[in-house]
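Q: The sequence shown begins at 794 in our numbering and counts up one residue at a time.
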Amino acid sequence: MYDRLMKKLTHRISNVDAINRLGDCEVCGRVRIKPKQKGKKWACIVYEREYSGAGYKRRKLGYRVNILAHAEKIKSLENKCEICGTLDFGLVVDHDHSTGKFRGLLCNPCNKALGFFRDNPEVLESAARYIRERIVH
């Protein structure tokens, strides 16, 4: 059913800013876009990540995020990372590696940082303490 729903959704792109590669997706709102080779001129990055390639394979392996909920979450966050608040039109899905459950939407650097710290809150707190203690004014 999920796959049938995705096929029915039309991620038409309008108001294209080709220089900055931004556009308005009918489903996802303002998103990063990329050139599409067949048929359509531009593709929604959110759709591409969720329904094709690696994103599709990851969903099949475990953490499934309903694309409509994902799009609504992006709109509610106004394309801002849930950790640093940076405006990012290419937010990525963060998930718990032990359970596979969806946690939120982050910018790529914050998502990678969590991975580098092995999703361990104690290590993250230790890193924050380290930086605070060594701030040079």
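From the three backbone atoms N, C-alpha and C, an ideal C-beta is built for every residue, glycine too.
Go through the region 804-828 residue by residue and report every complete run of the beta strand (DSSP E) that reaches 3 residues or more, in order.
A: Listed in chain order, they are 806-810, 815-818 and 822-828.
Q: According to DSSP, alanine 920 sits in a beta bridge with which residue or residues?
A: By one-based count along the sequence shown, residue 920 stands at place 127. According to DSSP, which records beta bridges pairwise, alanine 920 is partnered with nothing at all.
Q: Below 6 Å CB to CB, which residues in the same chain sit around glycine 822 once its five sequence neighbours on both sides are set aside?
A: One-based indexing of the sequence shown puts residue 822 at position 29. The residues are Lys868.
Q: Which residue or residues does DSSP assign as beta-bridge partners of lysine 873?
A: Counting from one through the sequence shown, the residue named residue 873 turns up at place 80. The partner list for lysine 873 (beta bridge, DSSP) reads Leu880.
Q: What does the Cβ neighbour count give for leucine 880, buried or exposed, with the cut at 16 atoms within 10 Å?
A: Residue numbering aside, residue 880 sits at position 87 when the sequence shown is read from its first letter. Leucine 880 is exposed by the Cβ-count criterion.
Q: With the cut-off set at 8 Å, would you say isoleucine 838 and valine 824 are in Cβ contact?
A: Within the sequence shown, the letter at position 45 stands for residue 838. Within the sequence shown, the letter at position 31 stands for residue 824. Yes. Within cutoff.
Q: Can the beta-carbon of leucine 907 be found closer than 8 Å to that of glutamate 875?
A: The residue given as residue 907 occupies position 114 in the sequence shown. The residue given as residue 875 occupies position 82 in the sequence shown. No.
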